[in-house]
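First the structure, in the form of structure tokens, and then the observations on it.
Residue numbers (my numbering): 2 to 239.
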């Protein structure tokens, strides 16, 4: 079994006396995606500015590589990248584009006691409360309260979106040559070239395990999620 550390960022992958024993994230992704037999990807974000990544993905799909991409909240990704992915999904039956678009529950068991600063009601440790993190993009306020009516009346979302934040690539999952990358870098220009990111590259059984972790999700919801992606598109072959 082979395990190596990946990194993005000049300080992490500098050469010379203070060089760290790491591989570049982008170059390693390019290497393992060159001639895959199968390709499984989990993605939080994909950008068309990561040209090499999209080109390698498209090349694999066009070469009839069985490919599954599970991506967070597809329609809120960058427009050009979404268009490329949807066009590929329409044109190639070996490409399975899965939109991770789930909602959760605003309730949680509180780890501390507390008091709502809006209605004044208090709760104890382990008591069920309604919780919402602040979100500048949607202007959602931070809320913690045990009272459902207080929570809802102050713009609390009862069914918040769940987020797929994983970044995983698994190549050749059924072979002894299986390889996987698990890391912090998004498949974007920032994640692959500009930001400071770390990850792990593994081969062999550990790589197969990386795929098994998310295989049940892919298998059980693939067809349902795929319909959500293509319902506004022409049927394949039309």
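Built from N, CA and C at the ideal position, the CB exists for glycine as well. If you're wondering where the values come from, they're calculated on a predicted model, not measured in any experiment.
Residue of the options minimising C-alpha distance to residue i
i: residue 52; options: 76, 194 and 128; result: 194
i: residue 149; options: 3, 164, 198 and 129; result: 129
i: residue 12; options: 197, 24 and 39; result: 197
i: residue 5; options: 181, 191, 67 and 77; result: 181
i: residue 115; options: 105, 104 and 131; result: 131
i: residue 208; options: 66, 192, 199 and 176; result: 176
i: residue 61; options: 35, 75, 46 and 151; result: 35
i: residue 32; options: 192, 171, 14 and 191; result: 171
i: residue 112; options: 127, 105, 37 and 82; result: 127
i: residue 96; options: 37, 86 and 206; result: 86
i: residue 104; options: 24, 163 and 25; result: 163
i: residue 79; options: 50, 65 and 98; result: 50
i: residue 37; options: 139, 59 and 154; result: 59
i: residue 94; options: 63, 22, 9 and 152; result: 63
i: residue 118; options: 91, 77, 200 and 151; result: 151
i: residue 109; options: 91, 147 and 141; result: 147
i: residue 65; options: 42, 92, 55 and 77; result: 92
i: residue 99; options: 142, 42 and 153; result: 42
Which residues DSSP lists as bridging residue i, in chain order
i: residue 30; result: Residue 30 pairs with nothing; no bridge assigned.
i: residue 133; result: 144
i: residue 202; result: 5 and 182
i: residue 110; result: 129
i: residue 122; result: Residue 122 is not bridged to any residue.
i: residue 170; result: 42 and 182
i: residue 99; result: 71
i: residue 162; result: 104
i: residue 24; result: 7
i: residue 116; result: 123
i: residue 152; result: Paired residues: none, contrary to the question.
i: residue 188; result: 47
Beta-carbon separation (whole angstroms), residue i vs residue j, contact threshold 8 Å
i: residue 168; j: residue 44; result: 6 Å
i: residue 202; j: residue 57; result: At roughly 16 Å, the Cβ-Cβ gap does not stay under 8 Å, so residue 202 and residue 57 are not in contact.
i: residue 173; j: residue 39; result: 6 Å
i: residue 101; j: residue 144; result: Not a contact, Cβ separation roughly 25 Å.
i: residue 190; j: residue 48; result: 6 Å
i: residue 204; j: residue 3; result: 4 Å
i: residue 107; j: residue 133; result: 6 Å
i: residue 75; j: residue 83; result: 6 Å
ask   = Does the pairing of the segment 184-192 with the segment 149-162 give three or more beta-carbon distances under 8 Å?
value = Segments in contact, no.
request  = Would you mind listing the alpha helix (DSSP H) stretches within the segment 32-72 that are 4+ residues and don't spill past its ends, in chain order?
outcome  = Within the segment 32-72, the runs of alpha helix (DSSP H) that reach at least 4 residues and sit entirely inside it are, in chain order, 52-63.
request  = Could you tell me whether the segment 62-70 touches the segment 108-125, where touching means 3 or more Cβ pairs closer than 8 Å?
outcome  = Cβ pair count under 8 Å is below three, so no.
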